[in-house]
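Just below is one structure, and these are the notes that go with it.
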Amino acid sequence: MSTDSPKTYSIKNYGCQMNVYDGERMAEMFESQGMSAADDKANADLVVLNTCHIREKAAEKVYSEIGRLRRKDGTSPVIAVAGCVAQAEGGEISRRAPEVDIVVGPQAYHNLPDMVAAVGRGERVVDLDLPGLDKFGKLPARRKQPPSAFLTVQEGCDKFCTYCVVPYTRGAEISRGWAELIDEAKAIVNAGAREITLLGQNVNAWDGEDDKGKLQGLDGLIRALDKIPDLRRIRYMTSHPNDMTEGLIAAHGDVEKLMPFLHLPVQSGSDRILKAMNRSHSRDSYMRILDRVRAVRPDIAFSGDFIVGFPGESDADFEDTLSLVREVGHAQAYSFKYSPRPGTPAADMSDQIPMEVMDERLQRLQAQIVADQTAFNNRTVGRTTDVLLERPGKFAGQLIGKSPWLQSVHVLAPDLSIGDIVTVQITDSGPLSLKGEPTMRAAA
Ligand code: SAH
Ligand code: SF4
Ligand code: F3S
Numbered sequence: 001m002s003t004d005s006p007k008t009y010s011i012k013n014y015g016c017q018m019n020v021y022d023g024e025r026m027a028e029m030f031e032s033q034g035m036s037a038a039d040d041k042a043n044a045d046l047v048v049l050n051t052c053h054i055r056e057k058a059a060e061k062v063y064s065e066i067g068r069l070r071r072k073d074g075t076s077p078v079i080a081v082a083g084c085v086a087q088a089e090g091g092e093i094s095r096r097a098p099e100v101d102i103v104v105g106p107q108a109y110h111n112l113p114d115m116v117a118a119v120g121r122g123e124r125v126v127d128l129d130l131p132g133l134d135k136f137g138k139l140p141a142r143r144k145q146p147p148s149a150f151l152t153v154q155e156g157c158d159k160f161c162t163y164c165v166v167p168y169t170r171g172a173e174i175s176r177g178w179a180e181l182i183d184e185a186k187a188i189v190n191a192g193a194r195e196i197t198l199l200g201q202n203v204n205a206w207d208g209e210d211d212k213g214k215l216q217g218l219d220g221l222i223r224a225l226d227k228i229p230d231l232r233r234i235r236y237m238t239s240h241p242n243d244m245t246e247g248l249i250a251a252h253g254d255v256e257k258l259m260p261f262l263h264l265p266v267q268s269g270s271d272r273i274l275k276a277m278n279r280s281h282s283r284d285s286y287m288r289i290l291d292r293v294r295a296v297r298p299d300i301a302f303s304g305d306f307i308v309g310f311p312g313e314s315d316a317d318f319e320d321t322l323s324l325v326r327e328v329g330h331a332q333a334y335s336f337k338y339s340p341r342p343g344t345p346a347a348d349m350s351d352q353i354p355m356e357v358m359d360e361r362l363q364r365l366q367a368q369i370v371a372d373q374t375a376f377n378n379r380t381v382g383r384t385t386d387v388l389l390e391r392p393g394k395f396a397g398q399l400i401g402k403s404p405w406l407q408s409v410h411v412l413a414p415d416l417s418i419g420d421i422v423t424v425q426i427t428d429s430g431p432l433s434l435k436g437e438p439t440m441r442a443a444a
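Take 1 as the starting number for the sequence shown in UniProt numbering and just add one per residue.
Quick look at the structure:
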């Protein structure tokens, strides 16, 4: 590390969207302190690795990244390890990697400026407090936002699925306050966002009192955000099946800005495995939730997460997962090989599944998911729909945006800009994206 106070920073995010949101807030904090983003991690004065601990050798990846930060002259930037690996490994990180100056958990990063100053005085610092909501109140005002922005409304998890580290790394479920969220949503929209995705490890567990002291759930918050005129689209993720309330399902039927897309992880199609996972829903109760959402919003697209090779998963259990996937016909889905996480109950279960079996199951599951996703995309060809333009494409005049169903749509539209919402007819589709031709321009 260098002893001058850092002037440039670089933040590398791993893991989920909550980390992306946290990374943005760290950047805003550094900017408000007069620092600027480095053009390349290699020459930044301060590097933050915002880590994830959900699967595999996440911690190992962080150690090798730290090694790569060492410069040719033997020095290294000020290095901060933040996020869930920091929370899980703690001071062990700086013992193993002496070049790490700061270890900061996901709920303590508002203290980073003070920690960086302490490093300047020659100290090494570790802050793994889980104070809940403190960080949000101490972060600076929102700055320029992309057309589609994230807003963390809830953190932590009380569900304790037997395979998962999140309840340990992010702490207990906690909801941010109503007024603070409405203010931040307005600030995000004023800073350029047209779409907000509400984030939480269990976002649909959000609750809180509104400005009249009435207890509201996530649907109440969504209905309040619906009233922000320049906000055009609302999404939320990730949800737990047990927190899909009547009110939230109803909102899918009558809040027009709430996009017809639901990411609702089920993990397995086998009741026996769901029970061993401590998921507290069954295959059938899960499928009934999807039916109820479909009943109020027939064009809803579903997405999910799946784990293959949970301890004790038999061929028949896996076939149950495949059949559930076929039944749902996802617009997209994520699938993972089970990864034993130190300290979680499943890591000590007998009957761990051999890697070759997991590999084979994952391949079959992913083939099914790709087939369903391709079929879903094909069904949109010929349809007319709105696209929020989010980034430039590869060719001149091409822009890439998202359909209401979260599909990437390539649009040739030299006269349009990022942030516009354009009505297109879908002309072509593939497994990963669609092509659309503008029909008319929707009011921006
Ligand atoms: N709160 C969300 C998701 C959190 S983690 C939920 O409950 O659905 C994101 C996904 O990572 C999970 O849905 C799960 O599919 C996967 N995951 C979590 N722990 C895992 C592990 N130990 N091995 C493999 N996949 C895991
Ligand atoms: Fe992990 Fe389960 Fe909590 Fe999701 S609900 S974060 S999978 S413990
Ligand atoms: Fe990873 Fe932590 Fe998110 S473990 S998935 S960064 S909550």
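Here a beta-carbon is modelled for each residue, glycine too, at the ideal position from N, C-alpha and C. Computed from a prediction, not measured in an experiment: that's the story for all the values here.
Beta-carbon proximity list for residue i, same chain, < 8 Å, skipping 5 on both sides
i      : result
Tyr21  : Phe150, Leu151, Thr152 and Leu199
Pro131 : Gln107 and Ala108
Glu65  : Lys12 and Leu49
Met358 : Val308, Gly309, Lys337 and Tyr338
Sequence-distant residues of the same chain with beta carbon closer than 6 Å to residue i, five excluded per side
i      : result
Ser2   : Note that Ser2 scores a pLDDT of 48, beneath 50, so its modelled location is shaky and nothing firm can be said.
Lys402 : Leu388
Val266 : Tyr286 and Gly304
Gln425 : Thr384, Glu437 and Thr439
Ser268 : Leu274 and Thr321
Gly217 : Asp207, Thr245 and Gly247
Gly171 : Leu130 and Gly156
Asn111 : Asp127
Asp372 : Gly329 and His330
Pro414 : Gly397
Assigned exposure category for residue i - 16 Cβ within 10 Å defines buried
i      : result
Asn204 : buried
Val296 : exposed
Asp183 : exposed
Thr380 : buried
Thr384 : exposed
Gly397 : exposed
Lys135 : buried
Ala86  : buried
Thr344 : buried
Met355 : exposed
Arg70  : exposed
Gln407 : buried
Arg288 : exposed
Asp284 : exposed
Asn377 : buried
Phe395 : exposed
Beta-carbon proximity list for residue i, same chain, < 7 Å, skipping 5 on both sides
i      : result
Pro140 : Glu28, Met29 and Ser32
Ile11  : Gly23, Met26, Ala27, Val48 and Asn50
Pro6   : Met35, Asp45, Leu46, Val78 and Val116
Asn242 : Ser280 and His281
Glu89  : Ala59
Tyr63  : Arg96 and Ala97
Gly67  : none
Arg326 : Gln368
Arg124 : Ser94 and Asp101
Start-to-end residues for the alpha helix (DSSP H) that takes in residue i
i      : result
Ile400 : Segment Gln398 to Lys402 is the beta strand (DSSP E) holding Ile400; no alpha helix (DSSP H) there.
Pro167 : Val166 to Thr169
Gln87  : Gly83 to Glu89
Coarse secondary structure for residue i, derived from DSSP in three states
i      : result
Glu155 : strand
Tyr286 : helix
Gln173 : The identity of residue 173 in the sequence shown is Glu, whereas the question assumes Gln. It is coil, neither helix nor strand.
Gly304 : strand
Asp127 : strand
Asn13  : strand
His53  : coil
Phe261 : strand
Lys138 : coil
Met237 : strand
Pro6   : coil
Asn19  : helix
Asp101 : strand
Gln352 : coil
Asp386 : strand
Ala38  : coil
Proximity test, Cβ basis, 8 Å: residue i and chain D
i      : result
Asp305 : Annotation note: the requested chain D is absent from the structure, which comprises a single protein chain.
Boundaries (first-last residue) of the beta strand (DSSP E) holding residue i
i      : result
Gln107 : Where Gln107 is concerned, there is no enclosing beta strand (DSSP E), given that its DSSP letter is neither H nor E.
Leu432 : That residue, Leu432, is in no beta strand (DSSP E); it is neither H nor E in DSSP.
Asp197 : Note on identity: in this sequence residue 197 is Thr, with Asp being the wrong assignment. Taken as a continuous stretch (DSSP letters only), the beta strand (DSSP E) holding Thr197 covers Glu195 to Leu199.
With a cut-off of 6 Å, give the chain-ordered residues whose Cβ is closer than this to any heavy atom of the ligand SF4. Per the Cβ criterion, the list is Cys157, Lys159, Phe160, Cys161, Cys164, Val166, Pro167, Gln201, Asn202 and His240.
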